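Novice: To start, I am sharing the structure in question, which I have written as structure tokens.
Protein chains: 2
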Amino acid sequence: MSVTAPKGFRAAGVAAGLKTDGGRDVAVVINDGPSRAAAGVFTRNRIKAAPVVWSQQVVKGGRVRATILNAGGANACTGSPGFQDTHATAEHVAEALADSAAEIAVCSTGLIGERLAMPQLLAGADAAIAEAARDGGLAAADAIRTTDSVAKIAFKRGEGYTIGGMAKGAGMLAPSMATMLSVVTTDADLTAEQCDRLLRATTARTFDRVDADGCTSTNDTVLLMASGAAGVTPDEEEFAALLTQVCDDLARQLIADAEGATKSIAIETVGAASEDDALTVSRAIARNSLFKCAIYGEDPNWGRVLGAVGTTDAAFEPDHLNVAINGVWICRGGAVGDDRSKVDLSPREVTVTVDLAAGSAAATVHTTDLTVAYVHENSAYST
Amino acid sequence: MSVTAPKGFRAAGVAAGLKTDGGRDVAVVINDGPSRAAAGVFTRNRIKAAPVVWSQQVVKGGRVRATILNAGGANACTGSPGFQDTHATAEHVAEALADSAAEIAVCSTGLIGERLAMPQLLAGADAAIAEAARDGGLAAADAIRTTDSVAKIAFKRGEGYTIGGMAKGAGMLAPSMATMLSVVTTDADLTAEQCDRLLRATTARTFDRVDADGCTSTNDTVLLMASGAAGVTPDEEEFAALLTQVCDDLARQLIADAEGATKSIAIETVGAASEDDALTVSRAIARNSLFKCAIYGEDPNWGRVLGAVGTTDAAFEPDHLNVAINGVWICRGGAVGDDRSKVDLSPREVTVTVDLAAGSAAATVHTTDLTVAYVHENSAYST
């Protein structure tokens, strides 16, 4: 169950020849209404791919009829010809749906700096629209994979409505937003303003707290499309909770499948003076190469954790810091604590807890280890 | 020629048993005057090792009689017992030299979080002081190595005076300051105020512009010790230029020997609205794991360069950016430029040039590639 779990949506994923391995590479998600309220959250990188620039304009109108997505090319750093390619793609899809290009969102992922193979992409769009069906959600999720080893999908049911979603992203995973594409759908009846508010609040606490390698991409996009087909106006608090669960589920799937990772690491900062402080500290650790190598080596190296904490401006006293790895408080009061040999780092799931002893706020960032396979994969990606 | 190239200095490096391989691990640099003006620049990490806290106090007095250095233990995150160890070391050296502990600087490097083996260290200090001689500079440089494969030394002659230096550091190399220890000596006659001013200005443009892995250590220290033994008050401008050459030479030796690196990468940002902007951009690229993996793979992946540039707040227009790798402008106007197959990435030395097209300021940061060997070395360091 993916983006087609909610009523009112059709989807498809087809092989259009953009990927060299012949796999699916073009997806479409069509909202048949009755509503088409929508919102989007995009990369904060100032180098924005053409489809990001386009889709930002589309969601400003608050309505999305369909989203066309492709792997096999990011259409980033392609100048105005690249933007014209995105525009032409939206026009092409709009014509096939007898609708307006101003309500067609576009997402692309793949290599930066190369033009898309437009004949293949447009033919793929035609094929995807022709195939789009109520059971097409999984094929769509499959088609947007790049180095993802598995398709990422999630869904949740609320009181009379459903939220579904798909995502891709395995490298360049960092805030602002994990580098990724995600489309989340619902058959609840929401206004565009609600979509925008709920999506921003949710991504800030889910996708924005995934940080595999500190590298922010040019193409990050999360779209929320609401069909209203369930005929239900949801309780906003319940909807927000379910949306958070769907996005959190997808975000964790991204980390679980991150390039070359052998560990999924949750970095909890507690006892912080503010949530911002907690986030800053968790992020600094998540981006510390030496710490990430240590976890790969199953070495509970709390010195590297403190080294990362010390680079931040969060409120803390160095000799009040406590650090636990997988529940063993190996650093107490800024110095050596419990026996490090008690730390079991053999499971894939690792939890690092940093207690700043400066307040009661907390935040968690999810990251991965830095591995030989990560280096291999990212030194050979485009060659 | 190292720290004993200038007159007035004796040094030694001895094996005290702190390193498990039996190599030299305790060094001393003694200033026999007539002057003992000195200054220091230290890590900006808020988690400061005991010897950093100690030596910061020492250099506030503007005078250093001797510096005692050890590898085989950082004495960081060791609480007040660790600080007492540093204090005891300074007292011990002061007693042997019949001098004041308030003028004995202490530097330590090695693992974080473990107490030093004090009996060995103090015995090593005695041996080093006994051996200290005018030709001991190289042995001292050898003794402060951790994962450094070679000793790093440099010297320059000015008008009637000499500047010499040694450094160590191969991992945790990042600003603020490359993670490192360095002692620079001169027989020129300088005031403590001059030492401080000249050292700060120089480190900001040399050691601070080395960034191997973005990880800032707890122990970074650069000391300048002036004996006045040459009886020459130098032209300050000439001295500053020579000091910069010595520190730049040492900084480049650090990058050339950085853990697991196969490439030494100079990241020049030109056409910037300000030097700060240029530095910010060069640093963002130097810290981008995906870019560093690409260079390891000899892949001139300019998209990853732009992806890093886009995360900064420097002044630029995305479609005015130009990027050259080893002199080939493969990105022009924010899009594909000259033929990437013309880029030869086989040499160890790599230059990435980013033209922001926003002004005339420039800055260069030196970094390394991210390699399989880096991950191996840093996943196994403490186990």
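From first to last, the protein sequence lines stand for chains B and G.
Here the working numbering is used: the first residue of the first sequence is 1, the next is one more, and so on.
Here the working numbering is used: the first residue of the second sequence is 1001, the next is one more, and so on.
Idealized CB from N, CA, C, for every residue including glycine.
Please read these numbers as outputs of a predicted model, since none were measured by experiment.
If you follow the alpha helix (DSSP H) that Val59 (chain B) is in, where does it begin and where does it stop?
Specialist: Here residue 59 (chain B) corresponds to residue number 59 of the first sequence, with the count starting at 1. From DSSP, the alpha helix (DSSP H) with Val59 (chain B) extends over 50–60.
Novice: Determine which residues share a DSSP beta bridge with Ile1104 (chain G) and list them.
Specialist: Numbered from 1 along the second sequence, position 104 holds the residue referred to as residue 1104 (chain G). According to DSSP, Ile1104 (chain G) bridges with G:Ala1066.
Novice: Cutting at 7 Å between CB atoms, please list the residues of its own chain near Val1106 (chain G), excluding the five before and the five after it.
Specialist: For the purposes of this step, residue 1106 (chain G) is taken as the residue at position 106 of the second sequence. So the list reads Pro1051, Trp1054, Ser1055, Ile1068, Thr1086, Thr1089, Ala1090, once near-sequence residues are dropped.
Novice: Below 7 Å on C-beta distance, what does Ser1274 (chain G) contact in chain B?
Specialist: Taking the first residue of the second sequence as position 1, residue 1274 (chain G) is located at position 274. What Ser1274 (chain G) touches in chain B: nothing, since even the nearest Cβ is about 17 Å away.
Novice: With Asn1378 (chain G) as the anchor, note down where its alpha helix (DSSP H) starts and where it stops.
Specialist: Counting from one through the second sequence, the residue named residue 1378 (chain G) turns up at place 378. Segment 1372–1380, the alpha helix (DSSP H) holding Asn1378 (chain G).
Novice: How would you call Val352 (chain B), buried or exposed, if buried means at least 16 neighbouring beta carbons within 10 angstroms?
Specialist: Taking the first residue of the first sequence as position 1, residue 352 (chain B) is located at position 352. With 16 or more other Cβ atoms within 10 Å, it is buried.
Novice: Could you compute how far the alpha carbon of Asp1142 (chain G) sits from the alpha carbon of Phe1207 (chain G)?
Specialist: Taking the second sequence and counting its residues from 1, one reaches residue 1142 (chain G) at position 142. Taking the second sequence and counting its residues from 1, one reaches residue 1207 (chain G) at position 207. Roughly 20 Å between the two C-alpha positions.
Novice: May I ask you to report which of helix, strand or coil DSSP gives Glu1349 (chain G)?
Specialist: Numbered from its first residue, the second sequence carries residue 1349 (chain G) at position 349. Glu1349 (chain G) falls in the strand class under three-state DSSP.
Novice: Report yes or no: do three or more beta-carbon pairs, one from the segment 14–34 of chain B and one from the segment 122–133 of chain B, lie closer than 8 Å?
Specialist: With the cut-off at 8 Å, the segment 14–34 of chain B and the segment 122–133 of chain B touch.
Novice: Going by other Cβ atoms of all chains shown within 10 Å of its Cβ, with 16 needed for buried, is Pro318 (chain B) buried or exposed?
Specialist: Here residue 318 (chain B) is taken as the residue at index 318 of the first sequence, counted from 1. Answer is buried; the Cβ neighbour count reaches 16.
Novice: Could you name the residues of the same chain whose beta carbon sits closer than 6 Å to that of Tyr1374 (chain G), not counting the 5 residues immediately before and after it, in chain order?
Specialist: As a working mapping, residue 1374 (chain G) is identified with position 374 in the second sequence. Excluding residues within five positions, the ones whose Cβ falls inside 6 Å are Glu1259, Gly1260.
Novice: Would a check of beta-carbon distances place Ile1285 (chain G) closer than 8 Å to chain B?
Specialist: Stepping through the second sequence from its first residue, residue 1285 (chain G) is reached at position 285. Output row for Ile1285 (chain G): interface = no.
Novice: Where does Gly1079 (chain G) fall in DSSP's three states?
Specialist: Here residue 1079 (chain G) corresponds to residue number 79 of the second sequence, with the count starting at 1. Of the three classes helix, strand and coil, the one that applies to Gly1079 (chain G) here is helix, per DSSP.
Novice: How far does the alpha helix (DSSP H) with Glu1131 (chain G) in it reach, from first residue to last?
Specialist: What you label residue 1131 (chain G) is simply residue 131 of the second sequence in a count that begins at 1. If you look at Glu1131 (chain G), you'll find it in the alpha helix (DSSP H) that goes 1118–1131.
Novice: Should Glu236 (chain B) be labelled buried (16 or more other beta-carbon atoms within 10 Å of its own) or exposed?
Specialist: Counting from one through the first sequence, the residue named residue 236 (chain B) turns up at place 236. That one is exposed.
Novice: Classify Thr1004 (chain G): buried if its beta carbon has 16 or more other beta carbons within 10 angstroms, exposed otherwise.
Specialist: The residue labelled residue 1004 (chain G) in the question sits at position 4 within the second sequence. Classification for Thr1004 (chain G): buried.
Novice: Taking the beta strand (DSSP E) that Ala1039 (chain G) belongs to, which residues open and close that run?
Specialist: Against the second sequence, residue 1039 (chain G) aligns to sequence position 39. Segment 1037–1042, the beta strand (DSSP E) holding Ala1039 (chain G).
Novice: From the beta carbon of Ser2 (chain B), is the nearest beta carbon of chain G less than 8 Å away?
Specialist: By one-based count along the first sequence, residue 2 (chain B) stands at place 2. With 8 Å as the cut-off, Ser2 (chain B) does not count as an interface residue toward chain G.
Novice: Can you check whether the C-beta of Pro1051 (chain G) is within less than 8 Å of a C-beta belonging to chain B?
Specialist: Walking along the second sequence from the start, residue 1051 (chain G) turns up at place 51. No, its Cβ sits nowhere closer than 8 Å to a Cβ of chain B.
Novice: Please report how far the alpha carbon of Ser1108 (chain G) lies from the alpha carbon of Ala1167 (chain G), in whole angstroms.
Specialist: Numbered from its first residue, the second sequence carries residue 1108 (chain G) at position 108. Numbered from its first residue, the second sequence carries residue 1167 (chain G) at position 167. For Ser1108 (chain G) and Ala1167 (chain G), the distance between alpha carbons rounds to 12 Å.
Novice: Please indicate yes or no: does the CB of Ala123 (chain B) lie closer than 7 Å to some heavy atom of the ligand SAM?
Specialist: Summarising the ligand content, the structure contains no ligands, and the ligand SAM is consequently not present.
Novice: Within the same chain, show all residues whose beta-carbon is closer than 8 Å to that of Ser1227 (chain G), passing over the 5 residues directly before and after it, in chain order.
Specialist: Numbered from 1 along the second sequence, position 227 holds the residue referred to as residue 1227 (chain G). Taken in chain order, the residues that qualify are Pro1006, Lys1007, Gly1008, Phe1009, Asn1031, Asp1032, Gly1033, Pro1034, Ser1035, Arg1036, Thr1185, Thr1186, Asp1187.
Novice: Between Asn378 (chain B) and chain A, is the shortest Cβ-Cβ distance under 8 Å, so that the two count as touching?
Specialist: Any reference to chain A falls outside this structure, whose protein chains are B and G.
Novice: Taking its Cβ as the centre, do 16 or more other Cβ atoms sit within 10 Å of Ser264 (chain B), making it buried, or is it exposed?
Specialist: On the first sequence, residue 264 (chain B) is found 264 positions in, with the first residue counted as 1. The residue in question, Ser264 (chain B), is buried, as its Cβ has 16 or more Cβ neighbours within 10 Å.
Novice: Would Ser360 (chain B) and Leu250 (chain B) be called neighbours here (beta carbons separated by less than 8 Å)?
Specialist: Start at 1 with the first residue of the first sequence, and residue 360 (chain B) comes out as number 360. Start at 1 with the first residue of the first sequence, and residue 250 (chain B) comes out as number 250. No, the Cβ-Cβ distance between Ser360 (chain B) and Leu250 (chain B) is not below 8 Å.
Novice: Is it the case that the segment 1128–1142 of chain G contacts the segment 1240–1247 of chain G, given that we only count it when at least three CB pairs across the two stretches are under 8 Å?
Specialist: Taking 8 Å as the limit for Cβ pairs, the verdict is that the segment 1128–1142 of chain G does not touch the segment 1240–1247 of chain G.
Novice: Pick from B:Ala11, B:Ala66, B:Ala76: whose alpha carbon is nearest that of Asp220 (chain B)?
Specialist: Start at 1 with the first residue of the first sequence, and residue 220 (chain B) comes out as number 220. Nearest of B:Ala11, B:Ala66, B:Ala76 to Asp220 (chain B), Cα basis: B:Ala76.
Novice: Between which two residues does the beta strand (DSSP E) carrying Phe1009 (chain G) extend?
Specialist: In the second sequence, the residue the question calls residue 1009 (chain G) occupies position 9. Unbroken beta strand (DSSP E) run through Phe1009 (chain G): 1009–1014.
Novice: Where does Val232 (chain B) sit, in a helix, a strand or coil, going by DSSP?
Specialist: Taking the first residue of the first sequence as 1, we reach residue 232 (chain B) at position 232. Of the three classes helix, strand and coil, the one that applies to Val232 (chain B) here is coil, per DSSP.
Novice: Compute the beta-carbon to beta-carbon distance between Ala1315 (chain G) and Asp1277 (chain G), rounded to the nearest angstrom, for a pair I have assumed lies under 8 Å.
Specialist: If you number the second sequence from 1, residue 1315 (chain G) lands on position 315. If you number the second sequence from 1, residue 1277 (chain G) lands on position 277. About 6 Å; that satisfies the 8 Å criterion.
Novice: Under three-state DSSP, which class holds Phe1155 (chain G)?
Specialist: Locating residue 1155 (chain G) in the second sequence gives position 155, counting from the first residue. Three-state DSSP puts Phe1155 (chain G) in a strand.
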